[in-house]
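Quick mapping for you: the protein sequence lines, in order, are chains X and F.
My numbering puts the last residue of the first sequence at 244; the count rises by one with no breaks.
My numbering puts the last residue of the second sequence at 244; the count rises by one with no breaks.
Here is the structure we will look at.
Protein chains: 2
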Amino acid sequence: MTTGRAFQDLYQEKYAHCFGCGRLNDHGLHIQSFWDGDESVCTYEPEAFYTGGYPENLYGGLIASLMDCHSAGTAMAAAVRARESDPSLPAPERFVTASLKVDYLAPTPVGPLEIRGKIRQVDGRKTWIDVSVHANGKETARGEVLQVQIPV
Amino acid sequence: MTTGRAFQDLYQEKYAHCFGCGRLNDHGLHIQSFWDGDESVCTYEPEAFYTGGYPENLYGGLIASLMDCHSAGTAMAAAVRARESDPSLPAPERFVTASLKVDYLAPTPVGPLEIRGKIRQVDGRKTWIDVSVHANGKETARGEVLQVQIPV
């Protein structure tokens, strides 16, 4: 069961313009991510035109995009949570993606998806996240993302 | 100077539905890639709404998407070129992305981009491509992509 505010609602207005997850981008995907225990989760159903080369499969670029935004949100939410435990930490403002690795394990159908994230490591401004995409209960893509907190 | 047909026009209709590069996707980006000597090149200017968290920077997911599609086309075009030299090779139909790694080196402005690809290695159905994104003459992102030819 997910809890709390959407991670993307933690961003100040000046950082909320992302096509993938910005609430202020009128054309965007508007993904929303939440805690589910120690993991983060986003459920998302892409528009039917986000097909890959085969009309029944999802576009690989969208899978990378969902991982990118979900992991940025997860890093932010983890930093906010850490600060709740230790108020001496600076208030985080935004994370940006330094690197993204995606392994496409199986074709992803165009339909409801679940994107899950798990913090692997935090070291200063860097946060590494393991992320996965699931369709119909099957993991179809797996990723590793390095998010870096912008200096505050 | 680029030469020849756009790589994406080498795809049969059944494989031409990709949001990033399919000529039959009415909503898609319709990127086109060409040979420029031994490298492949795609020039592309994203719509203004493909912003990242900061309104002046490009969305990281779009950068991954451009690398994904450009490298799939590059692998296809290289396989077509190899068959021109050796007609005993099977006619390639389509490559799909097995893995994609992106390093975001610097913010990419929202404006004209050049995406370049170079074949690193071909081994049977697998093709590894090094890919990069340039804006205003500066490399802003670098990627490594493994493309796999679907069995024919």
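Just so you know, even glycine gets a beta-carbon here, dropped at the ideal spot from N, CA and C.
- The beta carbon of P182/X does not come within 8 Å of any beta carbon belonging to chain F, so the residue lies off that interface.
- Of all residues in the stretch 102-125 of chain F, the ones placed with a Cβ closer than 9 Å to any Cβ belonging to chain X are Y103, K106, Y107, A108, H109, C110, F111, G112, C113, G114, L116, N117, D118, H119, G120 and L121, in chain order.
- Here G209/X is not near S180/X, since their CB atoms are 8 Å or more apart.
- If only uninterrupted beta strand (DSSP E) runs of at least 3 residues are considered, those enclosed by the stretch 198-239 of chain X are 205-215 and 218-227.
- For G209/F, not one C-beta of chain X is nearer than 8 Å to its own C-beta.
- Below the 8 Å Cβ cutoff, chain F contributes no neighbours of C134/X, its closest Cβ being approximately 13 Å away.
- Taking 8 Å as the cut-off, the beta carbon of L121/X is found no closer than this to the beta carbon of A108/X.
- Closest option to P138/F, judged by alpha-carbon separation, among V214/F, V237/F, S157/F and Y196/F: S157/F.
- Take R97/F, set aside five residues on each side of it, and no residue of its chain has a beta-carbon closer than 6 Å to its own.
- For C134/X, the enclosing beta strand (DSSP E) stretches over residues E131 to Y136.
- Exclusion of the five residues before and after V244/F leaves P182, A183, P184 and E185 as the residues of its chain whose Cβ lies within less than 8 Å of its Cβ.
- In the DSSP assignment, S157/X falls within the alpha helix (DSSP H) that extends over G152 to S177.
- In the same chain as G152/F, and ignoring 5 residues on each side of it, the C-beta atoms closer than 7 Å to its own belong to G144 and Y196, in chain order.
- Among the CB atoms of chain X, one or more fall inside 8 Å of the CB of A156/F.
- Taking S191/F as reference, the option from G235/F, R173/F and H226/F with the minimal CA-CA separation is G235/F.
- In this structure, V188/F places its C-beta atom within 8 Å of the C-beta atom of V240/F.
- For A190/X, the chain F residues whose C-beta falls within less than 8 Å of its own C-beta are D195 and Y196, listed in chain order.
- Taking a Cβ-Cβ threshold of 9 Å, the residues of chain F close to T143/X are H109, C110, F111, G114, N117 and G120, in chain order.
- DSSP links S191/X through a beta bridge to L238/X and D195/F.
- Of the other Cβ atoms in all chains shown, fewer than 16 fall within 10 Å of the Cβ of I242/F; this residue is therefore exposed.
- Going by DSSP, F126/X is part of the beta strand (DSSP E) stretching over F126 to D128.
- The beta carbon of G114/F sits closer than 6 Å to the beta carbons of A108 and G120 from its chain, once the five residues preceding and following it are set aside; these are given in chain order.
- Approximately 35 Å separates the beta-carbon atoms of G203/F and A174/F; this is outside 8 Å, ruling out the contact.
- Residues of chain F whose Cβ lies closer than 9 Å to the Cβ of G152/X are, in chain order, C110, G112, A156, S157, D160, C161, A164, V188, T189 and L192.
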